[in-house]
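Following the numbering used here, the numbering of the sequence shown begins with 33 at its first residue and continues without gaps. All residues carry an ideal CB built from backbone N, CA and C; glycine is no exception. Report on one structure; see the data block that follows.
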Amino acid sequence: MPFLNKTIAITGASGALGQSLIGVLLEKGARVIACTTSPQAVFESGVKVIPWQIGKEEELIHGLATADILILNHGVNVYGDRSPAAIQHSYAVNTISPWKLAELFLRQAESNPKLLGKEVWINTSEAEVNPALSPLYELSKRTLGDLITLRRLDAPWPIRKLILGPFKSKLNPYGILSPQLVARVVITLASWGCRDIIVTINPITYLLFPLKELSQSLYFRWFSREHYH
């Protein structure tokens, strides 16, 4: 996949991975839209910035009509908190928000079936199959991952999953991987056409995730329908 002159929108753009993805994509000649909930965030010149808020996905999507690729990269980690407020916040940010944005973006295909070449990439994280030492992070990301597996069965455009191991960021200050390295590998694997983009130091993930994705996909295909009567 060439990225030259592609318009690519990224949520979670002010984070470590978001900034790194922006840098790599600009090198590849892409036009980047940075979607951020951080009003103080600073981006490289030439990047279009769209501020937004969790819960207002419908407002954000209007600014993304020209995007060829939507990368859903925002998230939150409440670590060991298990309070009702933490549960609600984790699912709102990690599950409901990216799910809504993906659906709103995919809906463009309904209004204009001739739209081709668009994609959605979703950072569901290695927490889909491995512990993250943060129960609510794991639960909310696994739920998102399962919903995306289900949605892939009927999606009009490709949906790529980013299954990423621990990289250093505000969400994970103890991460081992460099976000710059992760971003470069993600873009490289996407250019090779990979639908499930795994970047981690944990060899078990490379075994467990494909098995989980295949079995889950078959289960969803056998026991659900796009239009159930």
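Distance between residue j and residue i (C-alpha atoms, nearest Å)
| i | j | result |
| --- | --- | --- |
| R63 | N155 | 20 Å |
| W254 | R174 | 20 Å |
| G55 | E76 | 8 Å |
| L104 | F252 | 23 Å |
| Q51 | Y123 | 24 Å |
| L142 | I101 | Just to set this straight, residue 142 is Glu in the shown sequence, not Leu. Approximately 17 Å, taken between the alpha carbons. |
| G47 | A66 | 11 Å |
| D186 | G87 | 25 Å |
| Q2 | A222 | Missing from the structure shown is residue 2; the chain here goes from 33 to 261 and no further. |
| G44 | F35 | 20 Å |
| I93 | V81 | 13 Å |
| L138 | R184 | 11 Å |
| A99 | H259 | 28 Å |
Counted within 10 angstroms of its Cβ, other Cβ atoms place residue i as buried (16 or more) or exposed
| i | result |
| --- | --- |
| P83 | exposed |
| W224 | exposed |
| R257 | exposed |
| L203 | buried |
| V74 | exposed |
| H261 | Note that H261 has pLDDT 49, beneath the 50 cutoff, so the model's placement of it is unreliable and the number below is only indicative. Looking at its Cβ environment, which holds fewer than 16 other Cβ atoms inside 10 Å, H261 is exposed. |
| K38 | buried |
| N109 | buried |
| L147 | exposed |
| E170 | buried |
| S166 | buried |
Simplified DSSP state of residue i, which is helix, strand or coil
| i | result |
| --- | --- |
| P83 | strand |
| H165 | The sequence as given places Leu at residue 165; His does not occur at that position. L165 falls in the coil class under three-state DSSP. |
| H261 | The predicted position of H261 is uncertain, since its pLDDT is 49 and thus under 50; a value taken from the coordinates is nonetheless stated next. Here H261 sits in coil by DSSP. |
| A41 | strand |
| K150 | coil |
| V110 | coil |
| V218 | helix |
| D186 | coil |
| N126 | helix |
| K244 | helix |
| K193 | strand |
Proximity winner among the options, relative to residue i (alpha-carbon distances)
| i | options | result |
| --- | --- | --- |
| Q212 | L49, G44 and I40 | L49 |
| P242 | E258, P188 and G177 | G177 |
| L182 | T39, P71, V217 and L246 | L246 |
| L194 | D228, L102 and P130 | D228 |
| A164 | Y206, C67, G95 and S52 | Y206 |
| L209 | N162, S115 and K200 | K200 |
| C226 | I180, W153, G44 and I42 | W153 |
| V231 | G197, S166 and A187 | G197 |
| L179 | V81, K132, Y238 and G78 | K132 |
| N144 | S115, K80, P188 and Q72 | P188 |
Proximity of residue i and residue j at Cβ, strictly below 8 Å
| i | j | result |
| --- | --- | --- |
| I119 | L168 | yes |
| L136 | E91 | no |
| E151 | R216 | no |
| N127 | S172 | In the sequence under discussion, the amino acid at residue 127 is Thr, which differs from the Asn named in the question. It is a contact, given that the beta carbons lie within the stated cut-off. |
| L240 | V125 | no |
| H106 | S129 | yes |
| V218 | L57 | no |
| A41 | L96 | yes |
Any non-hydrogen atom of the ligand PLP within 7 Å of residue i CB
| i | result |
| --- | --- |
| E91 | Summarising the ligand content, the structure contains no ligands, and the ligand PLP is consequently not present. |
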